[in-house]
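Enquirer: First residue of the sequence shown? That's 47 in the working numbering, and the numbers climb one at a time after it. Positions of the beta carbon are idealized from the N, C-alpha and C atoms, including for glycine.
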Amino acid sequence: RWTPKAVSLAFCWMQAATWLVLAVSLPFVPKESTEIAQRLFFALFALSALSSSMAGVMWNAWVQEWIPQRIRGKYFGFRNSLLALVNIAFLLG
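#1: If you reduce the DSSP assignment to three classes, tell me which class Ser-99 lands in.
#2: Taking the beta carbon of Ser-54 as the centre, do at least 16 other beta carbons fall within 10 Å, making it buried, or is it exposed?
#3: Cα-Cα, which of Pro-50, Leu-131, Leu-72 and Ile-134 is closest to Phe-87?
#4: Any chance the stretch 64-80 sits against the stretch 112-120, with 3 or more Cβ pairs inside 8 Å?
#5: Judging by CA-CA distance, which residue of Leu-96, Leu-129, Leu-90 and Trp-59 is the nearest neighbour of Val-70?
#6: Any idea what DSSP makes of Trp-112, helix, strand or coil?
#7: Grouping DSSP H, G and I as helix and E and B as strand, with all else coil, what is Val-75?
#8: Once DSSP output is grouped into helix, strand and coil, what is the label at Gly-139?
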């Protein structure tokens, strides 16, 4: 129903809004009640992780529309290999 571009941009805006809410709410986080602070941070970081992962997946779907069919497999295969290597190097480091 929606294009990959629209869904990607919607989740990107959700990610930006989540971080804006976090930045604005920081001065109001109660220092005495750690339970409220934990719930707030958990909810905001969970929303941030959800929106970030969905934006990433939809970004890939959107970018696939730009890449010509004849080089799409090679391009994404090479790109995914590089990303996996960088991820493993980061985790090992």
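Expert: So, from the data block:
#1: Within the sequence shown, numbered from 1, the residue matching residue 99 stands at position 53. The answer is helix: DSSP assigns Ser-99 an H, G or I state.
#2: Here residue 54 refers to the residue found at position 8 of the sequence shown. Buried: at least 16 other Cβ atoms inside 10 Å.
#3: As a first step, residue 87 must be located in the sequence shown, where it is residue number 41. Ranking Pro-50, Leu-131, Leu-72 and Ile-134 by Cα distance to Phe-87 puts Leu-72 first.
#4: no
#5: Stepping through the sequence shown from its first residue, residue 70 is reached at position 24. Residue Leu-90 is the option with its Cα nearest to Val-70.
#6: To locate residue 112, count along the sequence shown from 1; it is residue 66. Trp-112: coil per DSSP, three-state reduction.
#7: Residue 75 sits at position 29 when you count from the first residue of the sequence shown. DSSP places Val-75 in coil when its eight states are reduced to three.
#8: Within the sequence shown, the letter at position 93 stands for residue 139. Residue state, collapsed to three classes: coil.
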